[in-house]
Amino acid sequence: MGQFIEFITDWRAVLQIVLLFSMIYLAMYHLRNTHGSLVMAGLLMFIGSLWCLARALDLDVITRLLEMILGSLFLMLMIIFQPELRRALARLGSLAIFENRRRRELINEVIAAVLDMAKRKCGAIIVIECKVRLQTLIDDAIIMDAKVNSLMLESIFFPNSPLHDGAVIIRDDRIVAARAILPLSGSEKISRQLGTRHRAALGISEESDAVTVLVSEESGAVSIGHDGKLYRDLSAGELRKLLDTLIVQKETGDLDETIIQINDQDYSDENSVSTEADK
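If you're matching positions, the sequence shown starts at 265 in the numbering used here and goes up one per residue.
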């Protein structure tokens, strides 16, 4: 009891305790809205740095308290970040069958919208983000957050609608941007008959691993841009096979290289089959 009273009356120890918990509170307050993994990493770095500083300054009380905190940190993180951990475990459990199902649902919605717009010769360009993030393009576009469905895509590209110019960007199964301005390909192989949408599809495919689906406003032809190549005038079956190959099989590692050869046409002047400029 005497040691406890002596400890409490030591103003230096009290000051260190107040300082420690004030700093932890401020750190938790500023980290509360970040993703779970970033919060954990930030908290570990913060406590580790604070422990090193306390050791260097010979702050024995803070050092002992931090050692106690570090000893039970795993349990603390499980309690504090329970929602983030639950979401992470749920996501981990859906990586195989459920993840493939989600990708195929995305493909189904995109195909339904594209084929309907092709019948009406409604120009459209849809960029499906893969591993390379397109955040710079998203930041300069109209930010959205909507689950991908065919009606939403068709309404965005409806003629004279406020969002019909530019591209739609899809991340995971969400529409995250509209009216995005894509980089145009500077390749000299591109036919002069090809318009802005085709050049944009090639341009983004040269700078990222995105899969871009486009509909010609002039002919209603459906094409895909990927990996610096343009797959033109695709039928409904070819469109589905190619999207399945590039989005589902490529992610799982079961890529069928033979399907990639679907209608891989040369887009130079000599071999172009486009009859109109796609503006």
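Note that CB positions come from ideal geometry on N, CA and C, so glycine has one too.
Less than 6 Å between C-beta atoms, sequence neighbours within five positions excluded: which residues of the same chain meet that for residue i?
i, result
"C386", "F421"
"L283", "none"
"R367", "I511 and V512"
"G484", "A382 and K385"
What did DSSP end up calling residue i once you bin it into helix, strand or coil?
i, result
"H462", "helix"
"R397", "coil"
"G489", "strand"
"V378", "helix"
"R438", "strand"
"I511", "helix"
"V412", "coil"
"R366", "helix"
"L503", "helix"
"I445", "coil"
"I454", "coil"
Whose C-alpha, out of the options, is nearest the C-alpha of residue i?
i, options, result
"A444", "E369, A485 and T476", "T476"
"A405", "A376, L446 and R328", "L446"
"I407", "V378, L415, I439 and P423", "I439"
"S441", "H490, I402 and S472", "One point to set straight first is that residue 441 is Ala, not Ser, in the sequence displayed. Cα-wise, what sits closest to A441 is I402."
"E482", "G459, Q399 and G312", "G459"
"K505", "S425, S480 and N372", "N372"
"R365", "L503, D436, S419 and C316", "D436"
With distances taken between CB atoms, is the gap from residue i to residue j smaller than 8 Å?
i, j, result
"V374", "I390", "yes"
"V396", "L370", "no"
"R463", "L478", "no"
"A318", "L330", "yes"
"A465", "S499", "no"
"L448", "G467", "yes"
"G492", "S469", "yes"
"I326", "I311", "no"
"A377", "S414", "yes"
"A474", "L379", "no"
Who are the Cβ neighbours of residue i in its own chain at under 8 Å, not counting the five residues just before and after it?
i, result
"I434", "L370, V374, I390, V391, I392, E393, V412 and V440"
"T400", "none"
Between residue i and the rest of its own chain, which residues show a CB-CB distance below 7 Å, the 5 nearest in sequence each way excluded?
i, result
"D409", "R438 and V440"
"M416", "A410 and I439"
"H428", "I420, F421 and F422"
Buried or exposed for residue i, going by 16 or more other Cβ atoms inside 10 Å?
i, result
"S419", "exposed"
"S545", "Past the boundaries of the shown model lies residue 545; the chain is included only from 265 to 543, so the question cannot be answered."
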